[in-house]
Amino acid sequence: MSKLTDLTLAAARDGLRARDFSANEITKAHIDAIDKGNEALNAYILPVPDMALRMAESADKNIAGGDAGPLAGVPLGIKDLFCTKDVRTTACSHILDGFIPTYESTITQNLWDAGAVMLGKLNCDEFAMGSSNETSTYGPVINPWRREGSSTPLVPGGSSGGSAAAVAAKLCLGATATDTGGSIRQPAALTGTVGIKPTYGRCSRWGIVAFASSLDQAGPLTRCVRDAAIMLGVMAGHDPKDSTSVDLPVPDYEAALGGGVKGLKVGIPKEYRMEGMPEEIEKLWQQGIEWLKGAGAQIMDVSLPYTRYALPAYYIVAPAEASSNLARYDGVRYGLRVPGDDIIEQYENTRSEGFGAEVQRRVLIGTYVLSAGYYDAYYLKAQKVRTLIKQDFEQVFEDVDVLLTPTTPGPAFAIGEKSDNPIEMYLNDIFTVTANMSGLPGISVPAGLSREGTPLGLQFIGKAFDEETLFRAGQVLEDAAGELPSPADWWSVA
Numbered sequence: 001m002s003k004l005t006d007l008t009l010a011a012a013r014d015g016l017r018a019r020d021f022s023a024n025e026i027t028k029a030h031i032d033a034i035d036k037g038n039e040a041l042n043a044y045i046l047p048v049p050d051m052a053l054r055m056a057e058s059a060d061k062n063i064a065g066g067d068a069g070p071l072a073g074v075p076l077g078i079k080d081l082f083c084t085k086d087v088r089t090t091a092c093s094h095i096l097d098g099f100i101p102t103y104e105s106t107i108t109q110n111l112w113d114a115g116a117v118m119l120g121k122l123n124c125d126e127f128a129m130g131s132s133n134e135t136s137t138y139g140p141v142i143n144p145w146r147r148e149g150s151s152t153p154l155v156p157g158g159s160s161g162g163s164a165a166a167v168a169a170k171l172c173l174g175a176t177a178t179d180t181g182g183s184i185r186q187p188a189a190l191t192g193t194v195g196i197k198p199t200y201g202r203c204s205r206w207g208i209v210a211f212a213s214s215l216d217q218a219g220p221l222t223r224c225v226r227d228a229a230i231m232l233g234v235m236a237g238h239d240p241k242d243s244t245s246v247d248l249p250v251p252d253y254e255a256a257l258g259g260g261v262k263g264l265k266v267g268i269p270k271e272y273r274m275e276g277m278p279e280e281i282e283k284l285w286q287q288g289i290e291w292l293k294g295a296g297a298q299i300m301d302v303s304l305p306y307t308r309y310a311l312p313a314y315y316i317v318a319p320a321e322a323s324s325n326l327a328r329y330d331g332v333r334y335g336l337r338v339p340g341d342d343i344i345e346q347y348e349n350t351r352s353e354g355f356g357a358e359v360q361r362r363v364l365i366g367t368y369v370l371s372a373g374y375y376d377a378y379y380l381k382a383q384k385v386r387t388l389i390k391q392d393f394e395q396v397f398e399d400v401d402v403l404l405t406p407t408t409p410g411p412a413f414a415i416g417e418k419s420d421n422p423i424e425m426y427l428n429d430i431f432t433v434t435a436n437m438s439g440l441p442g443i444s445v446p447a448g449l450s451r452e453g454t455p456l457g458l459q460f461i462g463k464a465f466d467e468e469t470l471f472r473a474g475q476v477l478e479d480a481a482g483e484l485p486s487p488a489d490w491w492s493v494a
């Protein structure tokens, strides 16, 4: 039998049910992998081995008693944006130092109810604000992949970089993540993993630390499409505690995987062929088109004219909502408190010391675009553009079933390479923000390697609440591309 950490989530689930190994054994294997590799990768900021073993013991009892949930005994990592009862949750920000929730997020509760095991809390960009996982107060996450012939540390993408790195390095079987402008799909592409952002409202946001409430959506990061389908099936569902949660039945996503794409109309948006796009991204995109054609899909050129305005509109809407959401962090009720001579000075001192540079930048931008005299010129106009972007998709989806695009404009870059240039950093989300602005589902699937020997992904964007089609198409793409080689295991210590 292969190493337990090499198994897919689906294979582990089936093996646990068949009693080929125990939840205790597979959990211990992952705890050992974290002990050996996490210091180099910085993916976990808070491993919880004792809790994991208690949860594994409970899963083993349930399996033995014939009362196993769909994820019984499956070890997972949890992004530090999800509140976990009695386990520190900080959104990787200094301002939430020492915050221990007395409640569980709906999504993590769904996972525990299904029998999953928590290995620990995963690193992310501070308050999920970043595209490289370099803004965390706990330091950057290192991508398990390296350029051929180089030991230069690369970013794993962000904001869910800890989740993506842990999955790619086999430090968990799957991980929770969140996507506000591409923060599931972009790190998936840069680490050779699968990431799906479901339709806005498909997964509850209750108990997830908010960044931009009209854009945030949770989803899974896994090593294959089937694993993502299994995990999303447990995470999704209506939640009365979240007013944006949609009361729709959750389909059997795993059952949809064998549907194929024969007769499926796949749109290729011309606006995604952007000036200066690297040749290898264009070549990969064309290869994806050929794979789908070969599987029986009908390829159609389509136009999304307002795509060009998506990124600037996003970087008005998201900071505006962030500035409102982060106003609750004042040093009074929880987290960091830096005293001052009066309450105003305490607010100023706490926020100045507690928020990192990127968070401060976005709060300032958001406050500016919401201020008197600028609200109409910036925020209101961005919301109008958002409506036009949504209408673009609605018109296109009258003729096609799904869209195929690149996920990122290039492969993983080096730590520090872009951190001094916010505009260049923001451009990493250029292919992903449209799905958030329109509330649509998107999935990134590994499709090949760059010239540097690092992963590249392709993205499908689907109709609202039609994740099943994304999984069907994603499975075909994954089968055609074949399994990527694993990154060299340089991070483990003897």
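Sequential numbering of the sequence shown, starting at 1, is according to our numbering. Quick reminder that beta carbons are idealized off the backbone N, C-alpha and C, glycines included.
| Item | Value |
| --- | --- |
| Secondary structure of Tyr306, DSSP reduced to three states | helix |
| N- and C-terminal bounds of the beta strand (DSSP E) containing Thr176 | 174 to 179 |
| Pairwise C-alpha distance: Met55 and Asp67 | 15 Å |
| Assigned secondary structure, Asp239 (DSSP; H/G/I helix, E/B strand, else coil) | coil |
| Minimum length 3: unbroken beta strand (DSSP E) runs contained in the region 290 to 339 | 298 to 302 |
| For Ala435 and Ala481, believed in contact at Cβ under 8 Å, the rounded distance | Not confirmed; about 21 Å, so no contact. |
| Thr454 (DSSP reduced to helix, strand or coil) | coil |
| Three-state secondary structure (DSSP) of Ile389 | helix |
| Spatially closest choice to Ala236 from Met300, Lys283, Ser159, Leu111, by CA coordinates | Leu111 |
| Of the listed residues Ser22, Arg273, Leu81, Phe99, nearest to Val74 (C-alpha basis) | Ser22 |
| Inter-residue Cα distance where the pair is Tyr334 and Ser324 | 18 Å |
| Those runs of the alpha helix (DSSP H) which lie wholly inside the region 180 to 259 and span at least 4 residues | 185 to 191, 225 to 235, 253 to 256 |
| CB of Gly366 within 9 Å of CB of Ile95, strictly | no |
| Buried or exposed (CB count within 10 angstroms, at least 16 for buried), Arg17 | exposed |
| Continuous beta strand (DSSP E) stretch holding Val400: start and end | No beta strand (DSSP E) contains Val400, which DSSP labels as neither H nor E. |
| Cβ pair Gly15, Leu71 closer than 9 Å | no |
| Ser136 vs Gly120 beta-carbon contact at 9 Å | no |
| Cβ neighbour criterion (16 or more within 10 Å) applied to Glu321 | buried |
| DSSP-derived helix/strand/coil call for Ala114 | coil |
| Neighbourhood of Met231 by C-beta distance below 7 Å, restricted to the same chain and skipping five residues each side | Leu9, Gly174, Pro220, Thr222 |
| N- and C-terminal bounds of the beta strand (DSSP E) containing Gly77 | 75 to 79 |
| Every unbroken alpha helix (DSSP H) inside the region 11 to 99 [4 residues or more] | 23 to 41, 49 to 64 |
| N- and C-terminal bounds of the beta strand (DSSP E) containing Ser444 | 442 to 449 |
| Minimum C-alpha distance to Leu449 - residue among Ala313, Arg146, Ala228, Ala164 | Arg146 |
| Coarse secondary structure for Val266, derived from DSSP in three states | strand |
| 9 Å Cβ cutoff met for Ile184 and Thr178 | yes |
| C-beta atoms of Gly65 and Asp113 nearer than 9 Å | no |
| Contacts around Met51, its chain only, beta-carbon distance under 8 Å, and the 5 residues preceding and following it disregarded | Val87, Met118 |
| Buried or exposed (CB count within 10 angstroms, at least 16 for buried), Val332 | exposed |
| Exposure label - Pro156; buried when at least 16 CB within 10 Å | buried |
| Run of the alpha helix (DSSP H) containing Lys153, from where it starts to where it stops | Checking the sequence, you will find Pro at residue 153 rather than Lys. Where Pro153 is concerned, there is no enclosing alpha helix (DSSP H), given that its DSSP letter is neither H nor E. |
| Rounded C-alpha distance that separates Ala414 from Ile63 | 44 Å |
| Beta-carbon contacts of Glu148 that lie in its chain and below 7 Å, excluding the five residues immediately before and after | Glu452, Gly453 |
| Rounded separation between Leu257 and Gly263 - CA only | 15 Å |
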